[in-house]
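Undergrad: Residue numbers (the numbering used here): 2 to 231. Note that the Cβ used here is the ideal one computed from N, Cα and C, for glycine as well. Supplied in structure tokens, the structure appears directly below.
Written out as structure tokens, the structure is:
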């Protein structure tokens, strides 16, 4: 089974055995999903090397990175065929833009150095410039999911806030994935968890909310998350 699952470095791209394509959006709980696939291969994070996606050897186009490919990059760089794309079950995990920003703030080490308002108003703005090298990591979630015609190219969107229930109703019921409980991977690294995250959200000032609302406007619109003014 292991040879039928392909990873990008440490990030799952697609499983031919399960006939699924998982789009891993940064800081949206994707490592928990990847852990399920690794377990179902009988492998571990340490010995998963045979599953890693490599750069194409035929000299054809390649993405600037192999981590966190967008749905368009899967197709444009021929990691999946059109037939595969049409027949495989495609899904992703999304989350509230505000808590995703808090996760950025913690994960990248800014919480030990500056306030969350300084992070939002200076660094988050800078990282969301399309010219910035880190833009692919911080960009709106919907950018990972849009096809060239502007439609979302995913069969099911799972919300991190309701991940276990969404997993059971979609992936577990519509594919041959057998793991019923989504593990909590990497959560302890992000915060103390919900208590500290709530504290950071309370620290956000009006200008920071304005920045987040502007930078992630498409996420609020596409995914119907409630927008806050302060």
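Compare the C-alpha of residue 115 against each of 205, 216, 151 and 229 and name the closest.
TA: As a position in the chain shown, residue 115 is number 114, starting the count at 1. Considering only alpha carbons, the answer is 205.
Undergrad: Just reading off the beta strand (DSSP E) that residue 21 is part of, what are its end residues?
TA: Within the chain shown, residue 21 is the residue found at index 20, counting from 1. Residue 21 -> beta strand (DSSP E) spans 21-24.
Undergrad: Do three or more CB pairs link the stretch 146-165 to the stretch 35-49 at distances below 8 Å?
TA: The stretch 146-165, when compared against the stretch 35-49, does not touch it at the 8 Å Cβ threshold.
Undergrad: On the DSSP letters alone, give me the boundaries of the beta strand (DSSP E) that residue 158 sits inside.
TA: To locate residue 158, count along the chain shown from 1; it is residue 157. Residue 158 -> beta strand (DSSP E) spans 157-160.
Undergrad: Look at residue 89 and residue 21 and say whether their C-beta atoms are less than 8 Å apart.
TA: Reading the chain shown from its first residue, position 88 is the one you call residue 89. Reading the chain shown from its first residue, position 20 is the one you call residue 21. In this structure, residue 21 lies closer than 8 Å to residue 89 by Cβ.
Undergrad: Helix, strand or coil for residue 189 per DSSP?
TA: Here residue 189 is taken as the residue at index 188 of the chain shown, counted from 1. Any reading at residue 189 must be qualified, since the residue scores a pLDDT of 46, below 50, and its modelled position is unreliable; the value itself is stated next. Helix, per DSSP.
Undergrad: Per DSSP, what kind of secondary structure is residue 95 in: helix, strand or coil?
TA: As a position in the chain shown, residue 95 is number 94, starting the count at 1. If DSSP states are grouped into helix, strand and coil, residue 95 belongs with the strands.
Undergrad: Give the C-beta separation of residue 29 and residue 142 to the nearest angstrom, bearing in mind that I take them to be a contact with Cβ-Cβ under 8 Å.
TA: The sequence position of residue 29 within the chain shown is 28, counting from 1. The sequence position of residue 142 within the chain shown is 141, counting from 1. The pair is a contact, with the Cβ atoms about 7 Å apart (cut-off 8 Å).
Undergrad: Taking only runs of the alpha helix (DSSP H) that begin and end inside the stretch 134-159, which ones reach a length of at least 4 residues, in chain order?
TA: As far as the stretch 134-159 is concerned, its whole alpha helix (DSSP H) runs of at least 4 residues are 136-139.
Undergrad: Would you mind sorting residue 91 into buried or exposed? The rule is 16 or more other CB atoms within 10 Å of its CB.
TA: Here residue 91 corresponds to residue number 90 of the chain shown, with the count starting at 1. Classification for residue 91: buried.
Undergrad: Cβ of residue 72 within 8 Å of Cβ of residue 140?
TA: Translated into positions along the chain shown, residue 72 becomes position 71. Translated into positions along the chain shown, residue 140 becomes position 139. Result no, Cβ atoms of residue 72 and residue 140 do not sit closer than 8 Å.
Undergrad: Please report how far the alpha carbon of residue 157 lies from the alpha carbon of residue 224, in whole angstroms.
TA: Residue 157 sits at position 156 when you count from the first residue of the chain shown. Residue 224 sits at position 223 when you count from the first residue of the chain shown. Computed Cα separation, rounded: 12 Å.
Undergrad: Comparing C-alpha positions only, which one of 230, 219 and 231 sits nearest to residue 95?
TA: Here residue 95 corresponds to residue number 94 of the chain shown, with the count starting at 1. Ranking the options by Cα distance to residue 95, first place goes to 219.
Undergrad: Start and end of the alpha helix (DSSP H) containing residue 75?
TA: Here residue 75 refers to the residue found at position 74 of the chain shown. It spans 72-77 - the alpha helix (DSSP H) in which residue 75 sits, taken as one unbroken run.
Undergrad: Less than 6 Å between C-beta atoms, sequence neighbours within five positions excluded: which residues of the same chain meet that for residue 145?
TA: Within the chain shown, the letter at position 144 stands for residue 145. Counting only Cβ-Cβ distances below 6 Å, and skipping sequence neighbours, we find 24, 26 and 71.
Undergrad: Could you name the residues of the same chain whose beta carbon sits closer than 8 Å to that of residue 176, not counting the 5 residues immediately before and after it, in chain order?
TA: Taking the chain shown and counting its residues from 1, the one referred to as residue 176 is at position 175. The answer, listed in chain order, is 19, 20, 21 and 90.
Undergrad: Classify residue 15 as helix, strand or coil using the three-state DSSP reduction.
TA: Position 14 of the chain shown, counting from 1, holds the residue named residue 15. It is a strand residue.
Undergrad: Does the separation of the CB atoms of residue 16 and residue 186 fall below 8 Å?
TA: Within the chain shown, the letter at position 15 stands for residue 16. Within the chain shown, the letter at position 185 stands for residue 186. No, they are not a contact pair.
Undergrad: What does the alpha-carbon distance come out to for the pair residue 168 and residue 36?
TA: As a first step, residue 168 must be located in the chain shown, where it is residue number 167. As a first step, residue 36 must be located in the chain shown, where it is residue number 35. Roughly 14 Å separates the two Cα atoms.
Undergrad: Can you have a look at residue 233 and say buried or exposed, based on whether 16 or more other CB atoms are within 10 angstroms of its CB?
TA: Any answer about residue 233 is impossible in this case: the structure gives the chain only from 2 up to 231.
Undergrad: Under the assumption that residue 230 contacts residue 103 (Cβ atoms under 8 Å), give the Cβ distance between them as a whole number of angstroms.
TA: Mapped onto the chain shown, residue 230 falls at position 229. Mapped onto the chain shown, residue 103 falls at position 102. With 8 Å as the limit, residue 230 and residue 103 do not qualify as a contact, their Cβ atoms being about 18 Å apart.
Undergrad: Let me make sure I understand the geometry here. Which of 213, 97 and 215 has the alpha-carbon closest to that of residue 160?
TA: By 1-based counting over the chain shown, the position of residue 160 is 159. When only C-alpha atoms are compared, the closest one is 97.
Undergrad: Quick one: what's residue 90 bridged to in DSSP?
TA: Residue numbering aside, residue 90 sits at position 89 when the chain shown is read from its first letter. Its beta-bridge partners are 21.
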